[in-house]
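Peer 1:
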Amino acid sequence: MQSAPAGDSPPYLSLAITAYNEAERLPPTLTHALDFLTAQGYPFEVVLNDDGSRDDTAAVAERIGARFPGAVRVLRSVRNQGKGAGLRNAILATRGKVVLFSDADFSTPIEELPRLLASLDAGAHIVIGSRVQPDGTDMRRTQPLYRQLFGKAFRILRGSVTVRGVKDTQSGFKLFIGDVARELFAESVIRSIIFDVEVLYLAQQRGYHIAEVPVQWTNAGGSRMRVTLGHALLVFWDTMRIPWVHRRPPRP
């Protein structure tokens with residue numbers, strides 16, 4: 010059974026994406042995701058935030074969306090704000106009962122979504138599509154060595170300061186109960202790539218159940234993340250300041 014995109018009623022699923030200069034990569038990835046969601050049998054929407062791109066990312070997304078009437082909403086940031094801020098814009102504009110966010114390159118294929126939905130149905134509030142497999146294999150080993158070393162140092166810092174017990178906080182494929190996603194992102198302030206850690210930190214403070222489901226993942230290439238001294242200092246600063254920013258007691 011095929012499903013039409015969501016109309017005036019809130020959809021079952023919202024897919025949130027933030028994109029920066031993704032005009033070339035969007036056509037195959039976003040079209041494939043829309044084809045997949047159309048075939049699932051439930052109402053859905055895609056909310057894509059163009060994070061101040063200097064190319065035709067927004068126009069490309071709108072042209073793709075025109076082939077799926079009512080399915081795609083494109084938001085535009087006046088300037089590049091960072092991945093955390095861009096995704097916050099997209100998620101706060103969603104209406105779905107459940108909210109999935111994915112990287113624009115879909116390094117984790119959209120076909121992994123049903124596995125995350127099953128974990129949400131089993132009682133989780135947040136499900137992470139983890140790149141760490143049941144046998145302990147970490148699919149991030151295909152990344153360049155400098156990113157692997159940077160990632161290991163970051164995980165040591167993150168585990169000692171903020172989020173504990175989560176193997177893959179930086180997965181770009183996460184599913185939330187919709188109201189939980191909008192609550193957590195509304196209270197988040199980090200604009201950089203460390204936004205995942207802040208959101209999961211808030212979730213643990215509030216007692217939400219976080220599950221991890223191993224998924225397939227490929228190092229798609231074309232990443233704009235460059236490990237420079239300035240980038241490393243920003244990651245360190247943002248990670249260290251999360252507990253201080255949210256030092257007030259968690260809400261009931």
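Positions in the sequence shown are counted from 1; adding 9 to them yields the numbering used here.
Glycine included, every Cβ here is placed at the ideal spot set by N, Cα and C.
Relative to the C-alpha of D64, which candidate in G174, R82 and E33 has its C-alpha closest?
Peer 2: Here the closest residue by C-alpha is E33.
Peer 1: How far does the beta strand (DSSP E) with S86 in it extend, from its first residue to its last?
Peer 2: Where S86 is concerned, there is no enclosing beta strand (DSSP E), given that its DSSP letter is neither H nor E.
Peer 1: Given a cut-off of 8 Å, decide if G187 and G105 are closer than it, judged by their beta-carbon atoms.
Peer 2: Cβ atoms of G105 and G187: closer than 8 Å.
Peer 1: Determine contact between the stretch 83 to 103 and the stretch 117 to 124, defined as no fewer than three beta-carbon pairs at a distance below 8 Å.
Peer 2: In short, these stretches do not touch, since the Cβ pair count stays below three.
Peer 1: Could you tell me how far apart the beta carbons of P252 and T146 are, in whole angstroms, since I believe they sit closer than 8 Å?
Peer 2: With 8 Å as the limit, P252 and T146 do not qualify as a contact, their Cβ atoms being about 31 Å apart.
Peer 1: Kindly indicate which three-state DSSP category D130 falls into: helix, strand or coil?
Peer 2: Three-state result, D130: helix.
Peer 1: Considering only C-alpha positions, which residue in the set R250, G50 and V224 is nearest to D144?
Peer 2: Cα-wise, what sits closest to D144 is V224.
Peer 1: Measure the Cβ-Cβ separation of D59 and A70 and say whether it is below 8 Å.
Peer 2: Closer than 8 Å, so yes.
Peer 1: Give me whichever residues DSSP pairs with K183 in a beta bridge.
Peer 2: Its beta-bridge partners are F110 and I137.
Peer 1: Bridge partners for V55 per DSSP, in chain order?
Peer 2: In DSSP, V55 forms a bridge with L24 and V81.
Peer 1: Look up P37 in the DSSP assignment and say whether it is helix, strand or coil.
Peer 2: Helix, per DSSP.
Peer 1: May I ask you to list the residues that DSSP assigns as paired with V170?
Peer 2: None, per the DSSP bridge assignment.
Peer 1: By the DSSP assignment, the alpha helix (DSSP H) with V222 in it spans what residues?
Peer 2: Counting along the chain, V222 falls outside any alpha helix (DSSP H), though it belongs to the beta strand (DSSP E) covering I219 to P223.
Peer 1: Helix, strand or coil for F45, going by three-state DSSP, please let me know.
Peer 2: Three-state DSSP puts F45 in a helix.
Peer 1: Any idea if P37 is buried or exposed, counting beta-carbon neighbours within 10 angstroms, 16 or more meaning buried?
Peer 2: P37 is exposed by the Cβ-count criterion.
Peer 1: DSSP state of P118, grouped into three classes?
Peer 2: In this structure, P118 counts as coil in the three-state DSSP scheme.
Peer 1: Among the candidates R82, F77 and P52, whose CA atom is the shortest distance from the CA of T66?
Peer 2: For T66, the nearest C-alpha among the options comes from R82.
Peer 1: Going by other Cβ atoms of all chains shown within 10 Å of its Cβ, with 16 needed for buried, is W246 buried or exposed?
Peer 2: Under this definition W246 is an exposed residue.
Peer 1: So V136 packs on V222, CB below 8 Å; how close in whole Å?
Peer 2: Contact flag correct, Cβ pair sits at about 6 Å.
Peer 1: Is N228 near S139, with beta carbons less than 8 Å apart?
Peer 2: Not a contact, by the Cβ cut-off of 8 Å.
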